[in-house]
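Peer 1: The working numbering numbers the first residue of the sequence shown as 10 and each following residue consecutively.
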Amino acid sequence: RILGVNILGRFLLNTDKNIRYVALNTLLRTVHADYTAVQRHRNTILDCLKDPDVSIRRRALELCFALINTQNIRAMTKELLVFLEKADPEFKALCSSNLFIAAEMYAPTKRWHIDTMIKVLTTAGNYVRDDVVGSLIQLISETSSLHTYTVQQLWRQISEEDFSARQPLAQVACWCIGEFGDLLNSADGADADPVNVTEDEIIDFYEKMLSSNQVQLVTKEYAVTSLMKLSVRFASSAPRIKKVVDAFGGNMNVELQQRSIEFSSLFSKFDHLRGSLLERMPPMESKSLASSAALDNGQAREDEILLDDQASRDAQNSPSALTSGPPSESSALLDLLGGVGSPVESSSLPSTTSRSEGDVLDIGSTSFEAGNAPPIGSSGSSDLLDLLGDLELSAPTPAAQTVPSATLISSLSSLGTPVVPDGIVSRSPVLPTTNGIPPMTIFEKDGLKLDFAFEKEPSSPQTAVINLTAINLSSCPMTDFLFQAAVPKTFQLQMLPPDGSVVQPNSSGCVRQTIKVTSPQKNPLRMRIKISYSINGAQVLEQAEVNNFPSSVWQ
10 RILGVNILGR
20 FLLNTDKNIR
30 YVALNTLLRT
40 VHADYTAVQR
50 HRNTILDCLK
60 DPDVSIRRRA
70 LELCFALINT
80 QNIRAMTKEL
90 LVFLEKADPE
100 FKALCSSNLF
110 IAAEMYAPTK
120 RWHIDTMIKV
130 LTTAGNYVRD
140 DVVGSLIQLI
150 SETSSLHTYT
160 VQQLWRQISE
170 EDFSARQPLA
180 QVACWCIGEF
190 GDLLNSADGA
200 DADPVNVTED
210 EIIDFYEKML
220 SSNQVQLVTK
230 EYAVTSLMKL
240 SVRFASSAPR
250 IKKVVDAFGG
260 NMNVELQQRS
270 IEFSSLFSKF
280 DHLRGSLLER
290 MPPMESKSLA
300 SSAALDNGQA
310 REDEILLDDQ
320 ASRDAQNSPS
330 ALTSGPPSES
340 SALLDLLGGV
350 GSPVESSSLP
360 STTSRSEGDV
370 LDIGSTSFEA
380 GNAPPIGSSG
390 SSDLLDLLGD
400 LELSAPTPAA
410 QTVPSATLIS
420 SLSSLGTPVV
430 PDGIVSRSPV
440 LPTTNGIPPM
450 TIFEKDGLKL
460 DFAFEKEPSS
470 PQTAVINLTA
480 INLSSCPMTD
490 FLFQAAVPKT
500 FQLQMLPPDG
510 SVVQPNSSGC
520 VRQTIKVTSP
530 QKNPLRMRIK
540 ISYSINGAQV
550 LEQAEVNNFP
560 SSVWQ
């Protein structure tokens, strides 16, 4: 294996760009198999970011993000920031989002994390996605020890640069100044660096931003709200701030007009409540961009992407593609499971590929919070570089009495795993054959057995109802049981809450859960599953792929 990876590494030095492309593509698909061997060629891969061929740069960028870890995060980020500065616009949004995910996972310190993301926002300019803005605001909010340092650094960035070309940075700065504007001249804290700016200079800056025709509406909304916050922080400047806010009461934009009128009424009718309403926000609930992308939005991480041309040809030549017309760009180019090959014949135990918890690129190397989002439909995204993949990874909708765990895990995300109340323990059922679709065992390892039983949704023939049954064959109970699943974007996935979170030992009870999968295009169903549970005080994480569902499930 090492010899093969080394040969691929030498291919990267070949003058033929087709050979370099194939080498990068193969290394990307094999990085999970021998992570250390591929790491030895990191410098050569970074050099490929300078290649004049756009396809090679795309593959090299994907591989660079797959190689980032705790040891090389500083060096890799430095190189990627250099690439981001000179990159084409099509790369900037993707690169900035994935730099944030990488920093979120492997940042050595909070200050380094914040400094890096400010550099990303400065370098990528207006190509930064909205999710990065929200995630950085959340990071700043929860890092109370760096509030003074952060607001001072952000003020320097937007006051010295053209804010119209860096509006995502301006949005973060407006939020931060509105919350912590009184700390701009503070010298408290080891990292503090006072900017020596007056209240009038700050308000002048806001007036300039709000009057600019090059500033987007959403940035102006951030600015007006921030200015209202400053009316409490800068009490002596409240009359001037009121005058600025009142000027937008007749704005042509309804949203900005409504906000301004509501804010003006705080000065006139509810001035006694203004201080309480505009006080500092408490730290935001911790929710990482990595988990949002990987779970709530049904997308996967870079190691999930098996982007190869053969997968595209397989998707286009499949029977479902021939009968349903041309496949969407999403299914043809970004089918995460497309590179696995065609499904094998149905059997009682499907072909699965498990990964251990220690896999650096394991999409499920941490616990995730079960989202309450509705199922997400197919997407038309065709960006080969979409490092967040084309999976719809869904966790069960929490039950009405779900109690979130206080544990914060910072591997891929900082979300706590919800603790679902245990249901009534019942005997393990015998899985029936429903509607002529035979049941199947999708996972069996270390005493845990997962069975699928199928039936069709009466009101929707395109929807298959999958009844999951988890059985514990060992002699110890399995607690905090959580099942998650991902499907290609051509499917819609909905997971109902399980009836419990404890799988009783010796097959004395089971946990049941209902999963609904809709196949509008009737493509072959493929699923990636992630199971987590605790046994004897140890946390167990398993991952597998199920590729041989009976055809009657998705047809």
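Even glycine gets a Cβ: it sits at the ideal position worked out from N, Cα and C. Just so it is clear, the structure is predicted and the values come from calculations on it, not from any experiment.
Look at P507 and S483 and say whether their C-beta atoms are less than 8 Å apart.
Peer 2: Result no, Cβ atoms of P507 and S483 do not sit closer than 8 Å.
Peer 1: For my contact list, Y215 and A232 are in at a C-beta cut-off of 8 Å; report their separation, rounded to the angstrom.
Peer 2: 6 Å
Peer 1: Once you ignore the five residues that flank L93 on each side, which residues in its own chain have a CB closer than 8 Å to its CB?
Peer 2: F100, K101, C104, S105, L108, V129, T132, A133
Peer 1: How do the segment 67-75 and the segment 52-59 stand: do at least 3 beta-carbon pairs fall below 8 Å, yes or no?
Peer 2: yes
Peer 1: Pick out whichever of Y30, F189, V526 has its Cα sitting closest to the Cα of L502.
Peer 2: V526
Peer 1: Take the Cβ of S285 as the centre, count every other Cβ of all protein chains shown within 10 Å, and call the residue buried at 16 or more, exposed below.
Peer 2: exposed
Peer 1: W563 and P529: beta carbons closer than 8 Å?
Peer 2: no
Peer 1: Under a three-way DSSP split, which group does C485 fall into?
Peer 2: coil
Peer 1: Taking only the alpha-carbon atoms, compute the straight-line gap between K531 and R67 and give it to the nearest angstrom.
Peer 2: 31 Å
Peer 1: Whole alpha helix (DSSP H) runs in the segment 80-121 with 4 or more residues, listed along the chain?
Peer 2: 82-95, 98-115
Peer 1: Excluding the 5 residues preceding and the 5 following F20 in the sequence, name in chain order all residues of the same chain whose CB lies nearer than 6 Å to its CB.
Peer 2: I28, A32
Peer 1: Classify S543 as helix, strand or coil using the three-state DSSP reduction.
Peer 2: strand
Peer 1: I'd like the list of long-range same chain contacts for D202, defined as Cβ closer than 6 Å, with 5 residues on each side in sequence excluded.
Peer 2: Q161
Peer 1: Does L440 come out as helix, strand or coil in the three-state DSSP assignment?
Peer 2: Its pLDDT being 46, under 50, L440 is placed unreliably in this model, and the value from its coordinates should be taken loosely. If DSSP states are grouped into helix, strand and coil, L440 belongs with coil.
Peer 1: Between which two residues does the beta strand (DSSP E) carrying K525 extend?
Peer 2: 519-527
Peer 1: With three or more C-beta pairs closer than 8 Å as the rule, is the segment 255-271 touching the segment 162-181?
Peer 2: no
Peer 1: Apart from the five residues on each side of it in sequence, which residues of its chain come closer than 6 Å, Cβ to Cβ, to L145?
Peer 2: M126, V181
Peer 1: Which same chain residues end up closer than 6 Å to V512 when comparing Cβ atoms and leaving out the 5 residues on each side of it in sequence?
Peer 2: A479, N481, M487, F490, V520
Peer 1: What does the alpha-carbon distance come out to for the pair F276 and Q176?
Peer 2: 28 Å
Peer 1: Considering only residues of the segment 248-297, which uninterrupted alpha helix (DSSP H) runs meet the minimum length of 4 residues and lie entirely inside it, listed in chain order?
Peer 2: 263-277, 280-286
Peer 1: Round the Cβ separation of F558 and Q522 to the nearest angstrom and send it over; I've been treating them as touching at under 8 Å.
Peer 2: Rounded, the Cβ-Cβ distance is 17 Å, inconsistent with contact.
Peer 1: Under the assumption that F272 contacts M218 (Cβ atoms under 8 Å), give the Cβ distance between them as a whole number of angstroms.
Peer 2: Actually they do not touch by this definition, with Cβ atoms about 16 Å apart.
Peer 1: For a test of the three-state rule: what should DSSP assign to L22, helix, strand or coil?
Peer 2: coil
Peer 1: Would you tell me roughly how many angstroms separate the C-alpha atoms of K119 and T157, rounded to the nearest one?
Peer 2: 14 Å
Peer 1: Which same chain residues end up closer than 8 Å to A111 when comparing Cβ atoms and leaving out the 5 residues on each side of it in sequence?
Peer 2: F74, I77, I82, M85, T86
Peer 1: If you compare alpha carbons, which of Q552, Q80, S153 is closest to P117?
Peer 2: Q80
Peer 1: For A618, which three-state DSSP category applies?
Peer 2: This structure leaves residue 618 out entirely; the chain is present only between 10 and 564.
Peer 1: Taking 8 Å as the threshold (C-beta atoms), are A494 and I538 in contact?
Peer 2: yes
Peer 1: Quick one: give me the first and last residue of the alpha helix (DSSP H) that K238 is part of.
Peer 2: 226-242
Peer 1: Give me the DSSP bridge partner(s) of N476.
Peer 2: Answer by DSSP bridge pairing, in chain order: A462, T523.
Peer 1: Can you round the beta-carbon distance between I123 and L90 to whole angstroms, since I take them to be within the 8 Å contact cut?
Peer 2: At roughly 15 Å, the Cβ-Cβ gap does not stay under 8 Å, so I123 and L90 are not in contact.
Peer 1: Near I11, what residues of its chain come up, given a Cβ to Cβ distance below 8 Å and the 5 sequence neighbours on each side ignored?
Peer 2: D43, A46
Peer 1: Look at the alpha carbon of I475 and the alpha carbon of M293, and state the distance between them as a whole number of angstroms.
Peer 2: 36 Å
Peer 1: Which partner residues does R175 have in the DSSP bridge list?
Peer 2: Bridge partners of R175: none, in fact.
Peer 1: Measure the C-alpha to C-alpha separation of F172 and F461 and round it to an integer number of angstroms.
Peer 2: For F172 and F461, the distance between alpha carbons rounds to 54 Å.
Peer 1: Identify the continuous alpha helix (DSSP H) that holds Q161 and give its terminal residues.
Peer 2: 156-169
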